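In full-length UniProt numbering, the protein residues as written are 1 to 380. Note that beta-carbon positions come from the ideal geometry of N, C-alpha and C, so glycine has one too. Since this is a predicted model, take the numbers as computed values, not measurements.
If you want it as structure tokens, here you go:
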């Protein structure tokens, strides 16, 4: 979990439709998507990340790889694996560095690096990806551009994941490659990870018609058009603690269209220092209890034996959508006795992280450029 907190801080610096519902497992604050790659298929898990484009997995031969529980993918044993040539169009339109590997038949080589200096280096290729479904459907995506990582390292949370599943808005993301087949719609429902005592997948990602957020009590906010296209930008007008509101219009640096990124791959919610200092003061005033140091050394505002009824309701005021966050969205247990505020200051950009999104059905409608939220028990 501590690694996940540090990635949150560092990440902000880098800143007829078929339908399917894919099961997702939680892992120390990250959400892992189950899929298989290649022919015959090799089953694996990748971090479901709306803040990344390229889907990559560790591959043999491995010059440098982090430990993973599942079998490492061997492209030589897949009949559908095809490396991209240096002259291919996709090699030249990437929003990450690429080069020509003349030692390997002029294959297109990629190099992605994240804000915490985690990285993956390998070959771009097309391959078949398959999803298992909660409705026993099988989704098969042929000739999907993926990264086959031969040199990978960083602050990954454990040994369950093999890489990243890119769900961002750029050309290389899984969402973009699925294209019109899903009608520009997907959604997810993230179950609280601290309720999962064993490694049981409960969260889900929905693609296509299943990505629609139905029913009453749905709030919707527009997506802002900003660069880079990888990120999904929202506009946050303010935040309230109980009945006290902090209006961002009074804090010029933090106000403006597209002033916050919504990201499933970042654990904490990050604000500019000037916003965070004021928000922390408001939370302290509402709780009125002595604070303690965070055992992990990562978070700033912590309490010992904090009961749920002492935690104030925090409301995020997006354009057209007031999102009331429950105690599980705003505080996280960092030890058996300590609860810490799951918000932090960042100079690199503002991010609406996955703790704050837990137990909401979050729907993305990219065609109509909007994001919808509905309070939901995501463990069901």
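Tell me the residue span of the beta strand (DSSP E) that contains residue 42. Sequence index remark: in the chain shown, residue 42 carries index 42 (1-based). Residue 42 -> beta strand (DSSP E) spans 42 to 49.
So, are the CB atoms of residue 377 and residue 51 less than 8 Å apart? Stepping through the chain shown from its first residue, residue 377 is reached at position 377. Stepping through the chain shown from its first residue, residue 51 is reached at position 51. No, these two residues do not count as a Cβ contact at 8 Å.
Could you name the residues of the same chain whose beta carbon sits closer than 7 Å to that of residue 244, not counting the 5 residues immediately before and after it, in chain order? The residue you call residue 244 lines up with position 244 of the chain shown. Closer than 7 Å at Cβ, skipping near neighbours: 282.
At least three beta-carbon pairs within less than 8 Å, the region 176 to 191 to the region 67 to 87: no
DSSP on residue 115, reduced to helix/strand/coil? Numbered from 1 along the chain shown, position 115 holds the residue referred to as residue 115. It is coil, neither helix nor strand.
Is the number of C-beta pairs between the region 42 to 59 and the region 227 to 235 that are closer than 8 Å three or more? yes
Straight-line gap, residue 64 to residue 153 (C-alpha atoms, nearest Å): Taking the first residue of the chain shown as 1, we reach residue 64 at position 64. Taking the first residue of the chain shown as 1, we reach residue 153 at position 153. Approximately 7 Å between the Cα atoms of the pair.
From residue 331 to residue 181, what distance separates their C-alpha atoms? Start at 1 with the first residue of the chain shown, and residue 331 comes out as number 331. Start at 1 with the first residue of the chain shown, and residue 181 comes out as number 181. Those two C-alpha atoms are separated by around 38 Å.
Contacts around residue 291, its chain only, beta-carbon distance under 8 Å, and the 5 residues preceding and following it disregarded: Along the chain shown, one-based indexing puts residue 291 at 291. 284, 301, 302, 303, listed in sequence order.
For residue 321, collect the residues of the same chain with a Cβ closer than 7 Å to its Cβ; drop the 5 residues on either side in sequence, then sort them by chain order. Here residue 321 refers to the residue found at position 321 of the chain shown. The beta carbon of residue 321 sits closer than 7 Å to those of 219, 220, 221, 373, all from its chain and outside the five residues before and after it, given in chain order.
Do the CB positions of residue 236 and residue 248 come within less than 8 Å of each other? One-based indexing of the chain shown puts residue 236 at position 236. One-based indexing of the chain shown puts residue 248 at position 248. Result yes, Cβ atoms of residue 236 and residue 248 sit closer than 8 Å.
Where residue 288 falls: helix, strand or coil (DSSP): Counted from its first residue, the chain shown places residue 288 at position 288. Reduced to three states, the DSSP call for residue 288 is coil.
Residue 175 beta carbon less than 8 Å from that of residue 151: One-based indexing of the chain shown puts residue 151 at position 151. One-based indexing of the chain shown puts residue 175 at position 175. No, they are not a contact pair.
Considering only residues of the region 73 to 100, which uninterrupted alpha helix (DSSP H) runs meet the minimum length of 4 residues and lie entirely inside it, listed in chain order? 89 to 92
For residue 269, which three-state DSSP category applies? Residue 269 sits at position 269 when you count from the first residue of the chain shown. The DSSP-derived three-state label of residue 269 is strand.
Roughly how many angstroms separate the alpha carbons of residue 69 and residue 37, rounded to a whole number? By 1-based counting over the chain shown, the position of residue 69 is 69. By 1-based counting over the chain shown, the position of residue 37 is 37. For residue 69 and residue 37, the distance between alpha carbons rounds to 16 Å.
Cα separation between residue 361 and residue 214? Here residue 361 refers to the residue found at position 361 of the chain shown. Here residue 214 refers to the residue found at position 214 of the chain shown. Spanning the alpha carbons of residue 361 and residue 214 requires a straight line of approximately 10 Å.
Considering only the alpha carbon of each residue, which of 356, 306, 192, 32 lies closest to residue 316? Position 316 of the chain shown, counted from the start, is the residue given in the question as residue 316. Nearest C-alpha to residue 316: 356.
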